[in-house]
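Data block below; observations after.
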Amino acid sequence: MNIKHIRNATLVVEYANKKFLIDPMLAEKGTYSPFPNSPRQDQKNPLVSLPTSVDSIINGIDAVILTHLHLDHFDEAAKEVLPKNIKMFVQNEKDAKEVKNAGFQNIEVLTEGTVFEGIQLVKTKGEHGRGEILKLAGLVCGVVFKHSSEKTLYVAGDTVWYDAVQEEIDKHNPEVIVVNGGDNQFFEGGSLVMGKEDIYEVYKAAPNAQIVVVHMEAVNHWGLSREDLHSFIQDKDMSSHVEVPEDGEEYTF
Numbered sequence: 001m002n003i004k005h006i007r008n009a010t011l012v013v014e015y016a017n018k019k020f021l022i023d024p025m026l027a028e029k030g031t032y033s034p035f036p037n038s039p040r041q042d043q044k045n046p047l048v049s050l051p052t053s054v055d056s057i058i059n060g061i062d063a064v065i066l067t068h069l070h071l072d073h074f075d076e077a078a079k080e081v082l083p084k085n086i087k088m089f090v091q092n093e094k095d096a097k098e099v100k101n102a103g104f105q106n107i108e109v110l111t112e113g114t115v116f117e118g119i120q121l122v123k124t125k126g127e128h129g130r131g132e133i134l135k136l137a138g139l140v141c142g143v144v145f146k147h148s149s150e151k152t153l154y155v156a157g158d159t160v161w162y163d164a165v166q167e168e169i170d171k172h173n174p175e176v177i178v179v180n181g182g183d184n185q186f187f188e189g190g191s192l193v194m195g196k197e198d199i200y201e202v203y204k205a206a207p208n209a210q211i212v213v214v215h216m217e218a219v220n221h222w223g224l225s226r227e228d229l230h231s232f233i234q235d236k237d238m239s240s241h242v243e244v245p246e247d248g249e250e251y252t253f
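Mind the numbering: the sequence shown is residues 1 to 253 in the UniProt record's numbering, read in order.
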């Protein structure tokens, strides 16, 4: 498989000869207002430019996976540029209705038994924060990719570490794990996605897996920098198993 980190949570995953676009936020730098009640109110989102052209990102895509519909995972730019007949996978019927209202015609709700072109796509659980913030953050999912010719890939989505993530790792034994690790936060409510200690828990749960950390430094409410995470990874002796890609960087597993 080849995993190309675009920006924020946006990935292009080539898996079993199919090309997936995950959580596309495709707007130009500074298009949207900053998320409220959070740091960097003087900076518009996205904070950084795309590392390559939109055309090159969407070229040859076979399917799109939307783990949820927050702006930094499916934005107006993506709605405009993606072909309306492209295959779209979503987490539930509510999201399917919203994506349909945006003009898309080929939508499927992920389950634990979804199959696309011979590739098993398993919807996984996630929690977009802890406690009261969950009501505001809403439902999210992740997805596990399985195919006889590939290693098992777990894209965890916008989730913190909690018991269900442990259960997904135990159940699927993924050899490659992508986590959203920017420790994004509002001024109240705590972490919305994984911070460094959560990432360490993933490593302890899957010590032989290769872990790729994304969703960093791209929207105004980020809380964990790449630099700080690199230092933590070295302190915990995880360097051989945890990658922190720059925008545009890619890996083959």
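Just so it is clear, CB atoms sit at the ideal spot from N, CA and C, and this is done for glycine as well.
- Taken through DSSP and simplified to helix, strand or coil, A77 comes out as helix.
- With contacts defined by Cβ atoms closer than 8 Å, I57 and I86 do not form a contacting pair.
- In this model, V81 and D198 are separated by some 35 Å (Cα to Cα).
- The C-beta distance from V140 to G126 rounds to 5 Å, short enough to meet the 8 Å contact threshold.
- Between the segment 93 to 105 and the segment 41 to 59 there are fewer than three inter-stretch CB-CB distances shorter than 8 Å, so the stretches are not counted as touching.
- E227 is classed as exposed because its beta carbon has fewer than 16 other beta carbons within 10 Å across all chains shown.
- Close CB contacts of G129 within its chain, under the 7 Å cut and outside five residues either way in sequence, are with A137, V160, G189, G190, S191 and L192 (chain order).
- Just so you know, the alpha carbons of A63 and M25 end up roughly 15 Å apart.
- Annotated as distal: A156 and H73, with beta-carbon spacing of 8 Å or more.
- Taking the CA atoms as reference points, M1 sits about 26 Å from K196.
- Just measuring C-alpha positions, the residue of H70, E175 and A78 sitting nearest D55 is A78.
- Selection S149, V115 and F89 evaluated against F104 yields F89 as nearest (Cα-Cα).
- For E167, the number of other beta carbons within 10 angstroms of its own is below 16, and it is reported as exposed.
- Taking C-alpha positions only, Q91 is separated from H215 by approximately 19 Å.
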